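As C-alpha cells, the structure follows; a few thoughts come after it.
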Ligand code: AMP
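Numbering (this note's numbering), first residue to last: 23 to 404.
In C-alpha cells form, the structure reads like this:
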C-alpha cells in the first residue's frame, strides 16, 4: 500500500469493531462525505446501526477480514484487542492505521511498559509477574500496597487486584488464574489526567488540552477539559503524550492516561491507540473532534485544530441509570438547553455498561461539570 496516498471523499473507509467508538468514527467519516462501513460482531450494534454497510464477523476471522479488504480502501480499529497478525495481513492489501505494531505494543501491559521505559517515559514502579519467583521479586521491589494487573485484555479495571498484605499475594495472582501479569506500586495520586493526540501520515502531530478524569469503580465517570493543573503540568503532559505517539510512529489517534502525584509528577498509567472516552467532549468542544482526527489520519489528510471553542465537561451514562426504567430525558434536557445528549443505541442496559454520555460547554470548566452532573441526576427524577 502506498503510504503517501491521500483518500478523498467519497472513498470507502472501514472500522474493525462496532461499539460506540466505531459508531462515532463512522459518523465523523460520513459527515465528511466518506462512505463508511464496519466489521462488527453483531448485526445491530452501535456501529452497524449507523454504518453505510456492515460485515458481521468476529474481528479476527479471515473470511470477514477478506470481505473488509474487498470493500474498504483504508481500515482503522476501534479497540486495541484486535489480532496484530490480522492487521499485518490486512496491511498488505489496504491502508491500515494505526499499524499493527502500535496495536501489538498497547494490547499487552508488559510490552507497553517495556516499550515506554525503553524510551525514557515516566511510569509508576512496576515488575513483570510470570512466575512465583517474579511474584516475590515484585513484592520485595515494590512493597505494599501493590496492584496486580493481567498483561492482556484488561479494561475498566477488569483483571486487576489490589494487594494490601503479603499473605494475600499468592491468592491474588491465583484469582487472576496465574496468567502473565504486571505488578505496579500503588500510586497515591492527586488526580488522573489524559491527553489525546493525533498524528498524521507525515508525522505531524497535535495534542488536545489535558483532560481531568474522575473514575467510579474503575470506570471513567467524568472528564473536564481543560484540566485545572497549571501550565507546567499541562505542557509536560502534552509533550509526553506526543513523545509516546512519536516513539510508536503511530498514524491515528492515541490517548495517554496519567497519574498526577501530589508533588506534581506525571506517571503514565496506560495508553490506548485510539480515540478515548475522555475525548468524547471534543465532538462539541474542539475545533476538530477526536473522531474527525481519526478519519483525517486514516485518509492521509492534515490534522485538524485541537483548540477548544469553550471549556467542557462530559459525564458517562452507565446502564445503572436504567435500573428504574427509561431515564427521564425531558427532565435532563428541559432544564438546561446547553446539555448535549449522546446515546450509543445499545439495546440492553446492563450495570456498568456505557450507554451514552452528556456534554456541557461552559466558559467555567467547573460549572460545565456541575451542569453535566446536575443533568445526569435529573435523569433519575421520575
Ligand atoms: P487501569 O485499567 O490500569 O487504567 O486502572 C483503572 C483504575 O485503577 C485507574 O484509573 C486508577 O484509578 C486505578 N489504578 C490503577 N493502577 C493504579 C496504581 N498503580 N495506583 C493507584 N491506583 C491505580
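No residue lacks a Cβ here, since even glycine has one placed at the ideal position from N, Cα and C. Note that the structure is predicted; figures quoted are calculated from it, not measured.
Identity of the residue in the options nearest residue i by Cα
i	options	result
residue 291	367, 169 and 192	169
residue 210	314, 99, 180 and 285	285
residue 182	188, 203, 163 and 192	203
residue 74	82, 52 and 87	52
residue 116	172, 34 and 42	34
residue 63	82, 57, 207 and 246	82
residue 54	86, 354, 317 and 259	317
residue 295	306, 272, 327 and 240	272
residue 30	58, 66 and 161	58
residue 70	91, 43, 200 and 87	43
residue 232	207, 160, 308 and 225	308
Any non-hydrogen atom of the ligand AMP closer than 7 angstroms to residue i Cβ
i	result
residue 146	yes
residue 350	no
residue 195	no
residue 217	no
residue 151	no
residue 290	no
residue 171	yes
residue 237	yes
residue 129	no
residue 208	yes
residue 52	no
residue 280	no
Reduced DSSP category for residue i - H, G, I as helix; E, B as strand; rest coil
i	result
residue 146	coil
residue 254	helix
residue 129	coil
residue 21	Nothing about residue 21 can be reported from this structure: the residues present for the chain run from 23 to 404 only.
residue 28	coil
residue 405	No information on residue 405 is available, as it lies outside the stretch 23 to 404 that the chain covers here.
residue 377	strand
residue 272	coil
residue 36	strand
residue 221	strand
residue 284	coil
residue 403	coil
Cβ distance (whole Å) where residue i is taken to contact residue j below 8 angstroms
i	j	result
residue 300	residue 357	Not really, about 26 angstroms apart at Cβ, beyond 8 angstroms.
residue 251	residue 312	That pair is no contact at about 20 angstroms.
Exercise for review: Check whether the stretch 226-236 touches the stretch 132-140, counting contact only when three or more Cβ pairs, one atom from each stretch, lie closer than 8 angstroms.
Suggested key: no
Review point. Are the stretch 331-351 and the stretch 381-391 touching, with three or more C-beta to C-beta distances below 8 angstroms?
Key: yes
Check your understanding: Is the number of C-beta pairs between the stretch 98-105 and the stretch 122-129 that are closer than 8 angstroms three or more?
Key -> yes
Review point. Is the stretch 361-374 touching the stretch 267-286 in the sense that three or more CB pairs, one from each, lie closer than 8 angstroms?
Key: no
Review point. Is the stretch 238-249 in contact with the stretch 318-333, if contact means three or more CB pairs nearer than 8 angstroms?
Key: The stretch 238-249, when compared against the stretch 318-333, does touch it at the 8 angstroms Cβ threshold.
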